[in-house]
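Visitor: Protein chains in written order, with this note's numbering: chain A, 1 to 298; chain B, 1 to 279. We put the CB at the ideal spot given by N, CA and C, even for glycine. My questions will all concern the structure given below.
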Amino acid sequence: MQTNIKQNLWGYLFIGPFIIGFLAFTIIPIIASLYFSFTSYDLFSAPQWIGFDNFKEMFTNDPRYLHSLKITFIYVFAGVPLRLAFALIVAMLLNTASRAVGLYRTLYYLPSLIGGSVAVAIMWRNIFGDEGIVNLALLSMGIDPVRWFGDPTAALWMLIFLSVWQFGSSMLIFLAGLKSIPQSYYEAASVDGASFFQKFFHITIPMLSPVILFNAIMQTIAAFMTFVPAFIISKGTGGPLDGTLLYSLYLFKQGFEFFSMGYASAMAWIMLIIIAILTSIIFLTSKFWVHYESEGGR
Amino acid sequence: MKPKHLKKIIYHVLVGGFAILLLYPVFWLVMSSFKVSEQIFVTAESFIPDPFVLGNYAQGWEGFGDHGFGTFIKNTAIFVAFVLVGHLVSCSLIAFGFARLKFVGRNFWFAIMIVTLMLPYEVVMIPQYIIFAELGWLNSLKPLVVPAFFGHPFFIFLLVQFIRTIPRELDEAATIDGCNTFGIYYRIILPLIVPALATTAIFTFYWTWDNLLGPVLYLNSPSKYTVSMALNMFLSNETVSNWGAMFAMSVVSLIPVFIIFFIFQRYVVEGISTSGLKG
Numbered sequence: 001m002q003t004n005i006k007q008n009l010w011g012y013l014f015i016g017p018f019i020i021g022f023l024a025f026t027i028i029p030i031i032a033s034l035y036f037s038f039t040s041y042d043l044f045s046a047p048q049w050i051g052f053d054n055f056k057e058m059f060t061n062d063p064r065y066l067h068s069l070k071i072t073f074i075y076v077f078a079g080v081p082l083r084l085a086f087a088l089i090v091a092m093l094l095n096t097a098s099r100a101v102g103l104y105r106t107l108y109y110l111p112s113l114i115g116g117s118v119a120v121a122i123m124w125r126n127i128f129g130d131e132g133i134v135n136l137a138l139l140s141m142g143i144d145p146v147r148w149f150g151d152p153t154a155a156l157w158m159l160i161f162l163s164v165w166q167f168g169s170s171m172l173i174f175l176a177g178l179k180s181i182p183q184s185y186y187e188a189a190s191v192d193g194a195s196f197f198q199k200f201f202h203i204t205i206p207m208l209s210p211v212i213l214f215n216a217i218m219q220t221i222a223a224f225m226t227f228v229p230a231f232i233i234s235k236g237t238g239g240p241l242d243g244t245l246l247y248s249l250y251l252f253k254q255g256f257e258f259f260s261m262g263y264a265s266a267m268a269w270i271m272l273i274i275i276a277i278l279t280s281i282i283f284l285t286s287k288f289w290v291h292y293e294s295e296g297g298r
Numbered sequence: 001m002k003p004k005h006l007k008k009i010i011y012h013v014l015v016g017g018f019a020i021l022l023l024y025p026v027f028w029l030v031m032s033s034f035k036v037s038e039q040i041f042v043t044a045e046s047f048i049p050d051p052f053v054l055g056n057y058a059q060g061w062e063g064f065g066d067h068g069f070g071t072f073i074k075n076t077a078i079f080v081a082f083v084l085v086g087h088l089v090s091c092s093l094i095a096f097g098f099a100r101l102k103f104v105g106r107n108f109w110f111a112i113m114i115v116t117l118m119l120p121y122e123v124v125m126i127p128q129y130i131i132f133a134e135l136g137w138l139n140s141l142k143p144l145v146v147p148a149f150f151g152h153p154f155f156i157f158l159l160v161q162f163i164r165t166i167p168r169e170l171d172e173a174a175t176i177d178g179c180n181t182f183g184i185y186y187r188i189i190l191p192l193i194v195p196a197l198a199t200t201a202i203f204t205f206y207w208t209w210d211n212l213l214g215p216v217l218y219l220n221s222p223s224k225y226t227v228s229m230a231l232n233m234f235l236s237n238e239t240v241s242n243w244g245a246m247f248a249m250s251v252v253s254l255i256p257v258f259i260i261f262f263i264f265q266r267y268v269v270e271g272i273s274t275s276g277l278k279g
């Protein structure tokens with residue numbers, strides 16, 4: 001009995017910092033945020049209870065919100081699959097015995113390493129300028145230059161390209177996954193006369209599917225919260241014509257530019273709900289496409 | 001023999017060429033920082049700066065107002081140092097508790113921690129801001145570094161996974177030799193999890209060094225700006241004459257990231273491959 005109490009005490013002593021931090025910086029803010037989402041609150045006067053008005057406003061009276069939601073979905077559902085596809089293709093190319101693989105792996109990872117920085121967002125802004133190197137490259141291939149900052153759709157694709165450019169970290173994970181697939185599977189398939197594509201769809205994809213699932217979830221969540229590139233590339237405006245007004249940026253503007261803290265909190269809750277739904281969809285559908293090697297778990 | 005060679009050459013041209021194409025924007029940024037500002041976009045197609053000038057670095061290093069770029073680097077270094085110490089101490093303690101100690105409610109708190117992994121920062125951002133404002137912590141580093149001393153779910157998870165691979169017999173032997181629980185953490189586990197702590201330190205460095213949203217929310221006076229905020233300032237004052245300075249300081253801001261990567265490459269690659277840390 002005595003040792004039991006002592007054991008519990010030690011346990012809570014060690015994880016104590018987590019519990020305190022969780023209460024102070026997570027659970028209390030979450031409850032406060034839920035409360036604010038039903039209020040009108042400008043930070044300077046007391047919050048006013050307005051029921052579901054913020055949520056009604058968002059979906060019926062704020063075209064900017066719906067637009068922001070739409071382009072964020074495009075950003076996520078174009079960017080994440082492209083990024084994962086690139087990561088898989090390059091990982092397969094690098095899954096050979098060549099001595100140069102170590103060097104290539106490093107080179108392909110570098111964009112991921114620096115991709116989240118302000119410096120890279122500034123760089124991206126400038127290579128896509130009217131006279132930037134992207135347009136010069138297009139011109140040399142005989143394609144008309146694009147006014148990336150003049151057209152909202154082009155501006156959004158500029159952000160998507162930036163996210164796809166950083167496929168390196170997923171590639172490293174896929175590469176580790178590919179290396180763990182027993183070579184004998186491929187040899188047996190070859191003996192049976194399987195083609196490259198048959199091996200890809202019947203060995204590589206099933207064996208890699210748990211890793212793909214994990215990546216798809218983490219990347220989707222992260223993509224939904226993208227802030228820095230949109231903020232820097234549009235100089236904080238979300239322009240042109242709200243073309244880069246991703247959800248996080250609009251939320252930030254509502255909160256800290258227009259001081260609509262209640263509205264911004266309501267937006268944050270919708271974001272949380274969307275992320276929860278997306279994650280559960282990926283999880284629930286996973287039993288149809290994720291293959292686990294043993295019954296005992298991953 | 002010959003077709004095999006040809007295949008090899010095609011492979012390297014393809015894979016190597018694509019790598020160069022991907023990294024070309026970075027080379028372009030570096031090269032442009034040595035060009036005369038007015039010529040950066042006039043001569044965007046030529047790779048080698050002509051004339052080769054260092055003036056952009058001198059101009060950028062002056063910063064803006066009364067604050068040189070050195071101040072921003074110093075501010076960021078202090079910011080990173082505090083978060084680093086906070087993460088290493090708190091995450092290792094918490095991870096040891098979860099991985100090794102038996103106590104009521106352990107699975108509950110572990111599950112809670114995993115859930116917070118997926119919680120978007122936006123949900124807690126506004127109430128946290130209000131709390132820190134009430135505490136009078138605005139325009140200081142406190143809101144940015146104090147939470148680091150209460151653990152970070154990603155790193156706790158990483159360390160828990162690592163500690164679980166260490167044989168329990170070591171703990172038992174230490175207990176027999178008279179070690180108490182803290183002794184096991186400090187003398188047995190801590191020295192053995194150094195590789196995982198290195199991964200924690202490296203990614204803490206990257207994420208803190210690049211952090212923009214936190215400093216933008218909490219730091220107002222230019223004397224406290226971090227490097228990311230200073231770059232953002234360059235961008236808002238963007239004119240033809242300071243493109244060069246902005247590019248030069250962008251390059252400067254990337255140098256520590258590259259240095260850390262090339263020294264600790266092994267930990268970075270292993271950290272990502274084994275735990276799925278986002279780089």
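#1: Can you list the residues of chain A that D50(B) reaches, using a CB-CB cut of under 9 Å?
#2: With distance defined between alpha-carbon atoms, name the residue in L172(A), A176(A), S169(A) and T204(A) nearest to Y185(A).
#3: For the alpha helix (DSSP H) holding C179(B), just list the boundary residues, first then last.
#4: Considering only their Cβ atoms, is the gap separating E131(A) from A44(B) smaller than 7 Å?
#5: Can you say whether K4(B) is buried or exposed, counting buried as having 16 or more other CB atoms within 10 angstroms of its CB?
#6: Looking at the structure shown, is F27(B) part of a helix, part of a strand, or coil, going by DSSP?
#7: Please give the ranges of any alpha helix (DSSP H) in the region 85 to 119 of chain B, keeping only runs that are unbroken, at least 4 residues long and fully inside the region.
#8: Could you pull the DSSP bridge partners for T285(A) from this structure?
#9: Just the C-alpha distance for A85(A) and L135(B), rounded to the nearest angstrom, thanks.
#10: Does the count of Cβ pairs from the region 123 to 137 of chain A and the region 34 to 52 of chain A closer than 8 Å reach three?
#11: Pop quiz: L159(B) and T116(B) are said to be a contact at Cβ under 8 Å. What is the actual Cβ separation, rounded to whole angstroms?
#12: Using only alpha-carbon positions, find the residue among F72(B), P222(B), A99(B) and V252(B) that is nearest to Y57(B).
#13: To the nearest angstrom, how far is the alpha carbon of G296(A) from that of N126(A)?
#14: For chain B, find out if any of its Cβ atoms is closer than 7 Å to the Cβ of Y65(A); answer yes or no.
#15: Can a CB atom of chain A be found closer than 7 Å to the CB of D210(B)?
#16: Go to W148(A), then tell me how far its alpha helix (DSSP H) extends in each direction, as first and last residue.
#17: Quick one: which chain C residues come within Cβ less than 8 Å of K102(B)?
#18: Which residues of the region 264 to 291 of chain A have a Cβ closer than 9 Å to any Cβ of chain B? Give them in chain order.
#19: Locate the alpha helix (DSSP H) running through S257(A), then write down its first and last residues.
#20: Answer with yes or no whether the minimum CB distance from V13(B) to chain A is below 7 Å.
#21: I need the boundaries of the alpha helix (DSSP H) containing M233(B), first residue and last residue.
#22: From K8(B) to T96(A), what distance separates their C-alpha atoms?
#23: Under DSSP, the alpha helix (DSSP H) around T199(B) begins and ends at which residues?
#24: Check the DSSP bridge columns for Q48(A) and list the partner residues they point to.
#25: What distance in whole Å lies between the Cβ atoms of M58(A) and M261(A), which are believed to be in contact at a cut-off of 8 Å?
#26: Quick one: list the residues of chain B neighbouring M141(A), beta-carbon separation under 7 Å, in chain order.
#27: Considering only residues of the region 170 to 197 of chain A, which uninterrupted alpha helix (DSSP H) runs meet the minimum length of 4 residues and lie entirely inside it, listed in chain order?
#28: Report, in whole angstroms, the separation of the C-beta atoms of G255(A) and P152(A), which I expect to be a contact under 8 Å.
#29: Express the C-alpha separation of G55(B) and A196(B) in angstroms, rounding to a whole number.
#30: Taking C-beta to C-beta, are G116(A) and D210(B) nearer than 7 Å?
#31: When you compare the CB of V118(A) with every CB in chain B, is at least one pair closer than 7 Å?
#32: In the DSSP output, what is F64(B) paired with across the bridge?
#33: Hey, does L138(B) have any beta-carbon neighbour from chain A nearer than 7 Å?
#34: For a cutoff of 7 Å on Cβ pairs, would you count L93(B) as touching chain A?
#35: Is DSSP giving G296(A) helix, strand or coil here?
#36: Judging by CA-CA distance, which residue of Y35(A), P17(A) and Q7(A) is the nearest neighbour of S265(A)?
Guide: Judging by the given coordinates:
#1: As a working mapping, residue 50(B) is identified with position 50 in the second sequence. What D50(B) touches in chain A: nothing, since even the nearest Cβ is about 17 Å away.
#2: Residue numbering aside, residue 185(A) sits at position 185 when the first sequence is read from its first letter. Its Cα nearest to that of Y185(A), the residue T204(A) stands out among L172(A), A176(A), S169(A) and T204(A).
#3: As a working note, residue 179(B) is residue 179 in the second sequence. Premise fails: C179(B) is in no alpha helix (DSSP H) and is neither H nor E.
#4: On the second sequence, position 44 is the one that residue 44(B) refers to. On the first sequence, position 131 is the one that residue 131(A) refers to. By the CB criterion at 7 Å, A44(B) and E131(A) fall inside the cutoff.
#5: Position 4 of the second sequence, counting from 1, holds the residue named residue 4(B). Of the other Cβ atoms in all chains shown, fewer than 16 fall within 10 Å of the Cβ of K4(B); this residue is therefore exposed.
#6: Working through the second sequence from its first residue, we reach residue 27(B) at position 27. If DSSP states are grouped into helix, strand and coil, F27(B) belongs with the helices.
#7: Counting only runs of 4+ residues, the alpha helix (DSSP H) found wholly inside the region 85 to 119 of chain B occupies 106 to 117, in chain order.
#8: Looking up residue 285(A) in the first sequence gives position 285. Looking at the DSSP assignment, T285(A) forms no beta bridge with any residue, so it has no partner.
#9: Numbered from its first residue, the first sequence carries residue 85(A) at position 85. Numbered from its first residue, the second sequence carries residue 135(B) at position 135. So the alpha carbons of these two residues sit roughly 47 Å apart.
#10: They do not touch, by the three-pair rule.
#11: Within the second sequence, the letter at position 159 stands for residue 159(B). Within the second sequence, the letter at position 116 stands for residue 116(B). Not really, about 16 Å apart at Cβ, beyond 8 Å.
#12: Counting from one through the second sequence, the residue named residue 57(B) turns up at place 57. In terms of Cα proximity to Y57(B), the closest of F72(B), P222(B), A99(B) and V252(B) is V252(B).
#13: Within the first sequence, residue 296(A) is the residue found at index 296, counting from 1. Within the first sequence, residue 126(A) is the residue found at index 126, counting from 1. The predicted model places G296(A) with a pLDDT of 39, which falls under 50 and marks its position as unreliable, so this point remains unresolved.
#14: On the first sequence, position 65 is the one that residue 65(A) refers to. So, not an interface residue.
#15: Taking the first residue of the second sequence as position 1, residue 210(B) is located at position 210. Interface residue, yes.
#16: Sequence index remark: in the first sequence, residue 148(A) carries index 148 (1-based). Where W148(A) is concerned, there is no enclosing alpha helix (DSSP H), because DSSP gives it neither an H nor an E.
#17: Given the protein chain composition of this structure (A and B), no chain C is represented.
#18: Those would be A264, S265, M267, A268, W269, M271, L272, I275, A276 and T279, in chain order.
#19: Counted from its first residue, the first sequence places residue 257(A) at position 257. Note on identity: in this sequence residue 257(A) is Glu, with Ser being the wrong assignment. For E257(A), there is no enclosing alpha helix (DSSP H), since its DSSP letter is neither H nor E.
#20: Locating residue 13(B) in the second sequence gives position 13, where the first residue counts as 1. Not one chain A Cβ lies under 7 Å of V13(B).
#21: Numbered from 1 along the second sequence, position 233 holds the residue referred to as residue 233(B). Where M233(B) is concerned, the enclosing alpha helix (DSSP H) stretches over V227 to S236.
#22: Working through the second sequence from its first residue, we reach residue 8(B) at position 8. Working through the first sequence from its first residue, we reach residue 96(A) at position 96. Rounded to the nearest angstrom, the two C-alpha atoms are 11 Å apart.
#23: Here residue 199(B) refers to the residue found at position 199 of the second sequence. Per DSSP, T199(B) belongs to the alpha helix (DSSP H) from V194 to D210.
#24: The count along the first sequence starts at 1 and reaches residue 48(A) at position 48. Q48(A) is bridged by DSSP to S40(A).
#25: Within the first sequence, residue 261(A) is the residue found at index 261, counting from 1. Within the first sequence, residue 58(A) is the residue found at index 58, counting from 1. The pair is not a contact, with the Cβ atoms about 15 Å apart (cut-off 8 Å).
#26: The residue you call residue 141(A) lines up with position 141 of the first sequence. For M141(A), no chain B residue has a Cβ inside 7 Å of its Cβ, as the nearest lies near 13 Å away.
#27: Counting only runs of 4 or more, we get 183 to 191.
#28: Locating residue 255(A) in the first sequence gives position 255, where the first residue counts as 1. Locating residue 152(A) in the first sequence gives position 152, where the first residue counts as 1. Taking a contact as a CB-CB distance under 8 Å, the pair G255(A) and P152(A) does not count as one, their CB atoms being some 23 Å apart.
#29: The count along the second sequence starts at 1 and reaches residue 196(B) at position 196. The count along the second sequence starts at 1 and reaches residue 55(B) at position 55. C-alpha separation (whole angstroms): 42 Å.
#30: Here the question's residue 116(A) lines up with position 116 in the first sequence. Here the question's residue 210(B) lines up with position 210 in the second sequence. Taking 7 Å as the cut-off, the beta carbon of G116(A) is found closer than this to the beta carbon of D210(B).
#31: Position 118 of the first sequence holds residue 118(A). For V118(A), the answer is yes, since a Cβ of chain B falls inside 7 Å of its Cβ.
#32: Numbered from 1 along the second sequence, position 64 holds the residue referred to as residue 64(B). H67(B).
#33: Mapped onto the second sequence, residue 138(B) falls at position 138. So, not an interface residue.
#34: As a first step, residue 93(B) is located in the second sequence; it is residue number 93 there, counting from the start. So, interface residue.
#35: As a position in the first sequence, residue 296(A) is number 296, starting the count at 1. With a pLDDT of 39 at G296(A), under the threshold of 50, the predicted position of this residue should be treated as unreliable, though the coordinate-derived value follows. In this structure, DSSP gives G296(A) a state outside helix and strand, which the three-state scheme calls coil.
#36: To locate residue 265(A), count along the first sequence from 1; it is residue 265. Ranking the options by Cα distance to S265(A), first place goes to Y35(A).
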